[in-house]
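Data block below; observations after.
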Amino acid sequence: MRPIGFSTGALARGDLQRGVMLQRGVAKIDAIELSALRDHELPPLLDAIGALDLSTFSYVSVHAPSQIQTLDEATIGELLLRTPATWPVIAHPELLRTESLWRRLGPRLCIENMDNRKTVGRTLDELQLVFDIYPEATFCLDLGHARQIDPTLSMALTMIRTFGGRLRQVHISDVGPSGEHRPIGATARSSFSHVARHLPIDCPVIIESMIDPESIERELGVVIAMLTTPPRVAIA
Amino acid sequence: MTSAIDALETGLGTRWSAIRAAQQKTRDVLGALSSALADLHDPDCSIVVTGSLGRGEATEGSDADWVLLIDGPSDPDHALLVREIGTRILDIVPKSVGPTRTFGDIVASHELVHYIAGTRDSNENLTRRILLLSESRALTNPLVRERVIRNVLARYVIHDRPVRRTAVAHFLLNDVVRYWRTVTSDYASKMWERQRSGWAIRNVKLRFSRRVLFIWGLLASFAADLFGAAELHAIENDDQYYRMLAELIRTQTDVAPLELLARVVLDAGDHDVAHAIFSSYDRFLAVLADPDARSNLETVRFDDALDHPAYADLRDASQTFRRGITKLFFEVHPKLPALIRDFGVF
Numbered sequence: 000m001r002p003i004g005f006s007t008g009a010l011a012r013g014d015l016q017r018g019v020m021l022q023r024g025v026a027k028i029d030a031i032e033l034s035a036l037r038d039h040e041l042p043p044l045l046d047a048i049g050a051l052d053l054s055t056f057s058y059v060s061v062h063a064p065s066q067i068q069t070l071d072e073a074t075i076g077e078l079l080l081r082t083p084a085t086w087p088v089i090a091h092p093e094l095l096r097t098e099s100l101w102r103r104l105g106p107r108l109c110i111e112n113m114d115n116r117k118t119v120g121r122t123l124d125e126l127q128l129v130f131d132i133y134p135e136a137t138f139c140l141d142l143g144h145a146r147q148i149d150p151t152l153s154m155a156l157t158m159i160r161t162f163g164g165r166l167r168q169v170h171i172s173d174v175g176p177s178g179e180h181r182p183i184g185a186t187a188r189s190s191f192s193h194v195a196r197h198l199p200i201d202c203p204v205i206i207e208s209m210i211d212p213e214s215i216e217r218e219l220g221v222v223i224a225m226l227t228t229p230p231r232v233a234i235a
Numbered sequence: 000m001t002s003a004i005d006a007l008e009t010g011l012g013t014r015w016s017a018i019r020a021a022q023q024k025t026r027d028v029l030g031a032l033s034s035a036l037a038d039l040h041d042p043d044c045s046i047v048v049t050g051s052l053g054r055g056e057a058t059e060g061s062d063a064d065w066v067l068l069i070d071g072p073s074d075p076d077h078a079l080l081v082r083e084i085g086t087r088i089l090d091i092v093p094k095s096v097g098p099t100r101t102f103g104d105i106v107a108s109h110e111l112v113h114y115i116a117g118t119r120d121s122n123e124n125l126t127r128r129i130l131l132l133s134e135s136r137a138l139t140n141p142l143v144r145e146r147v148i149r150n151v152l153a154r155y156v157i158h159d160r161p162v163r164r165t166a167v168a169h170f171l172l173n174d175v176v177r178y179w180r181t182v183t184s185d186y187a188s189k190m191w192e193r194q195r196s197g198w199a200i201r202n203v204k205l206r207f208s209r210r211v212l213f214i215w216g217l218l219a220s221f222a223a224d225l226f227g228a229a230e231l232h233a234i235e236n237d238d239q240y241y242r243m244l245a246e247l248i249r250t251q252t253d254v255a256p257l258e259l260l261a262r263v264v265l266d267a268g269d270h271d272v273a274h275a276i277f278s279s280y281d282r283f284l285a286v287l288a289d290p291d292a293r294s295n296l297e298t299v300r301f302d303d304a305l306d307h308p309a310y311a312d313l314r315d316a317s318q319t320f321r322r323g324i325t326k327l328f329f330e331v332h333p334k335l336p337a338l339i340r341d342f343g344v345f
């Protein structure tokens, strides 16, 4: 069965412990992504790891900062290296400026495709350039980002075909015009269902929809149904 | 990377200097326009050119047919952006766009994607849609152009599929044919409305550059058979097949019509056909690039046309061009004759 769960940042922005607590013990949640999207969240995340009860999760990843603001790149790299060796490190390509620093993560470095606000890592060709630099890196397919670039998701399918051997994790959410992660709407659900069948059955899915805690069960249900229900041939 | 036009020139031992000059002119103008507009980048907008700049055939007399393509929330400031774009483009290409407002304006993706055929489609929407596919280039934010094109192709290919899988994109093919017939009918309409003013240049363009758009559309509709790799044909799942077919057609939207034509001419391997098509097209571009010849053409009176050397010369060249195209599509290409016979008419 595919591990599935939420990003802590989607459920409790800036509050790692609460993001974990909200998911622990929820039926069907057995994956989690620990979010340090803002770089000042990374040192507290390191400090908290030892005390976090992650026993109910079969899959854990950590999301690297998306921007460098309060720390330098080298410090961020060092801190991420200190996270448990089994955790993939999800990273936006634009963060990766010093090759030698990030190559040390080997296959733990899990590169995510980007939305249209960015200038790198958005398309197949742009991602290939990044993987050429980091040949050991794995791949986090962000379906929301891919759909923002190509609503037909043909490009996402091509990414799966091209980078399937690297695929380590999937991000899923609707993505608004300003890149904000939103609950999955009807049209996104329809689009994503066409791709779901092409995802490896054991590939973890992390939900990034920014939702209230009361909506966890509903959003989880939407994603599970989408991943398990065959798509309609065409939208009626 | 060697283009198909390069390969044809090498094979024939010739050089189509007007085509080359137009390609270089296009690169220069697009470069200047892109630089001038770079700071107007917006994540939901793309400034897109069509016409000769989109086809890679710009000459001294070319205008810049541009639109602000918007694929996102509406914003009153888009109107201000359009004015700024128009001013900056006129600084570089000092020839105003036509009077119809088909260009030089906001174009929202909604109508392009949702009003394909049916009662809400319009002549203008059809024109913008087909030109976006066949001869457009983004001056800013190319991903928005690509996204809209993908959505249009999704309508043509993914959401309109036959009961049994077929390699031909029928909906696209029918719309391309409709567009070509619309263009030719509109030529007659403009002859009537404008009392034959400027008719000769429109007539010549109809014989060459407009026809090349039609050819692009035919080739794109047959892309699976003409350009599809074995990987595409091996896909068993229909849903995935049509998405990949749409993407294959999408990649043709980045190929200039003349270059796409050259690719199938290369496949045909017939030097006479290659010479007939490209030498006559080269003649057409040479006349457009010559300010005196072009203005001479703009003054031809309809009743004197056959005695007018400039017009008669291009009319002869256009007939050579047409004979080459006909021979390519109906005789010498390994696949096109069967495709045209089976799908091109009935």
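Chains C and R, in that order, give the protein sequences. To convert, note that position 162 of the first sequence is 161 in numbering that gives the first Met the number 0; the numbers rise steadily by one, no gaps. To convert, note that position 132 of the second sequence is 131 in numbering that gives the first Met the number 0; the numbers rise steadily by one, no gaps. Quick reminder that beta carbons are idealized off the backbone N, C-alpha and C, glycines included.
Span separating the alpha-carbon of residue i from that of residue j
| i | j | result |
| --- | --- | --- |
| R:T86 | R:R209 | 28 Å |
| C:I110 | C:A90 | 5 Å |
| R:R322 | R:A311 | 17 Å |
| R:K24 | R:G60 | 11 Å |
| R:T181 | R:T126 | 9 Å |
| R:L67 | C:Q66 | 31 Å |
| R:G71 | R:S45 | 11 Å |
| C:P176 | C:H197 | 26 Å |
| R:S33 | C:D46 | 49 Å |
| R:S184 | R:A21 | 28 Å |
| C:S189 | R:I200 | 48 Å |
| R:L36 | R:I69 | 16 Å |
| R:D269 | R:V176 | 26 Å |
| C:V232 | C:M225 | Caution is warranted here: a pLDDT of 47 is assigned to C:V232, below 50, making its placement in the model unreliable, and the coordinate value is therefore given only provisionally. Rounded to whole angstroms, C:V232 to C:M225 spans 14 Å at the Cα level. |
| R:L130 | R:T49 | 6 Å |
| C:V59 | R:A153 | 37 Å |
| R:V167 | R:A288 | 37 Å |
| R:S279 | C:D201 | 59 Å |
| R:G216 | R:V263 | 13 Å |
| R:L327 | R:G55 | 22 Å |
| C:P203 | C:S214 | 21 Å |
| R:T118 | R:L111 | 14 Å |
| R:K204 | R:D302 | 19 Å |
| C:I234 | C:A145 | Confidence at C:I234 is low in this model, with a pLDDT of 37, below 50, so the placement of that residue is unreliable and no value is reported for it. |
| R:A337 | R:I148 | 28 Å |
Residues that DSSP places opposite residue i in a beta bridge
| i | result |
| --- | --- |
| C:L62 | Checking the sequence shown, residue 62 of chain C turns out to be His, not Leu. Answer is C:S34 and C:I89, bridged to C:H62. |
| R:W65 | R:V48 |
| R:Q194 | Answer by DSSP bridge pairing: none, since R:Q194 is not bridged. |
| C:E111 | C:C139 |
| C:I171 | C:I206 |
| R:L244 | In the DSSP output, where bridge partners are listed per residue, R:L244 has none listed. |
| C:L166 | C:F138 |
Neighbourhood of residue i by C-beta distance below 8 Å, restricted to the same chain and skipping five residues each side
| i | result |
| --- | --- |
| C:E216 | V25 |
Cut-off 6 Å between Cβ atoms - residues of its own chain near residue i, not counting five sequence neighbours on either side
| i | result |
| --- | --- |
| R:V219 | The residue asked about is misnamed: residue 219 of chain R is Ala in this sequence, not Val. Closer than 6 Å at Cβ, skipping near neighbours: I248 and Q251. |
| R:R206 | S317 |
| R:Y114 | D120 and N124 |
| R:S51 | A57 and S61 |
Assigned secondary structure, residue i (DSSP; H/G/I helix, E/B strand, else coil)
| i | result |
| --- | --- |
| R:D74 | coil |
| R:V167 | coil |
| C:V19 | helix |
| R:F221 | coil |
| R:D41 | strand |
| R:Q318 | helix |
| C:L104 | coil |
| R:R282 | helix |
| R:F175 | Checking the sequence shown, residue 175 of chain R turns out to be Val, not Phe. R:V175 falls in the helix class under three-state DSSP. |
| R:V28 | helix |
| C:I3 | strand |
| C:H180 | strand |
| C:L70 | coil |
| C:L198 | coil |
| R:L296 | helix |
| R:A228 | coil |
| C:D124 | helix |
| C:G146 | Correcting the residue type first, residue 146 of chain C is Arg in the shown sequence and not Gly. C:R146 falls in the helix class under three-state DSSP. |
| C:T118 | coil |
| R:K326 | helix |
| R:G215 | The sequence given here places Trp at residue 215 of chain R; Gly does not occur at that position. Looking at R:W215 - three-state DSSP - the assignment turns out to be helix. |
Cut-off 7 Å between Cβ atoms - residues of its own chain near residue i, not counting five sequence neighbours on either side
| i | result |
| --- | --- |
| C:E98 | I132 |
| C:A11 | R17, G18 and L21 |
Q) At what residue ranges does the stretch 94-137 of chain R contain a whole run of the beta strand (DSSP E), taking only runs of 3 or more? A) 104-107
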